[in-house]
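K.L.:
In this note's numbering, the protein residues as written are 14 to 166.
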């Protein structure tokens, strides 16, 4: 129930039990009891003098709280699903269109996103070994594994 709905219901019930809300202090106390605990604590800290001030601040705080929750939820959703790089997006019918053999004799599929390693296995597309991407493949770059110098073929 929103604060506006609660305020309407409170005023309706207060008409039937005027002795429970005989003065402003009692009316404020009764109203605060029905608010959510976080709103109640914030409003009590403000030390407002009239019922209308309390109701107005409750509506304002509820609005701010709901906006904060929505922003936090959006931020959480953005954290969980980071944007994909443009290079990994492809347009197609959902199935590979054609395949060919690369230098090492492995089948490379065209029409699917490539990140430099066999997507299912995590292996390099060039040499087929796991643990690195094609762009970092020492065999493709001709690097010596011991010292890192370029090997001359």
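Just so you know, even glycine gets a beta-carbon here, dropped at the ideal spot from N, CA and C.
Just so it is clear, the structure is predicted and the values come from calculations on it, not from any experiment.
Cα-Cα, which of 77, 144, 22 is closest to residue 47?
P.N.:
For the purposes of this step, residue 47 is taken as the residue at position 34 of the chain shown. Residue 47 has its Cα closest to that of 22, out of 77, 144, 22.
K.L.:
Would you mind stating whether residue 56 and residue 68 have Cβ atoms separated by less than 7 Å?
P.N.:
Looking up residue 56 in the chain shown gives position 43. Looking up residue 68 in the chain shown gives position 55. No, Cβ-Cβ distance for residue 56 and residue 68 is not below 7 Å.
K.L.:
Would you tell me roughly how many angstroms separate the C-alpha atoms of residue 74 and residue 52, rounded to the nearest one?
P.N.:
Counting from 1 along the chain shown, the entry for residue 74 is found at position 61. Counting from 1 along the chain shown, the entry for residue 52 is found at position 39. Cα to Cα, residue 74 sits roughly 7 Å from residue 52.
K.L.:
Could you tell me the distance, in whole angstroms, from the CA atom of residue 64 to the CA atom of residue 27?
P.N.:
As a working note, residue 64 is residue 51 in the chain shown. As a working note, residue 27 is residue 14 in the chain shown. Those two C-alpha atoms are separated by around 13 Å.
K.L.:
Evaluate residue 32 with the Cβ neighbour count: other Cβ atoms within 10 Å of its Cβ, from every protein chain shown; 16 or more gives buried, anything less gives exposed.
P.N.:
One-based indexing of the chain shown puts residue 32 at position 19. Looking at its Cβ environment, which holds fewer than 16 other Cβ atoms inside 10 Å, residue 32 is exposed.
K.L.:
Does DSSP put residue 83 in a helix, a strand or coil?
P.N.:
Here the question's residue 83 lines up with position 70 in the chain shown. Three-state result, residue 83: helix.
K.L.:
Leaving out the 5 sequence neighbours to the left and right, which residues in its chain are closer than 8 Å to residue 83 when beta-carbon positions are compared?
P.N.:
By one-based count along the chain shown, residue 83 stands at place 70. Cβ neighbours of residue 83 beyond the five flanking positions: none.
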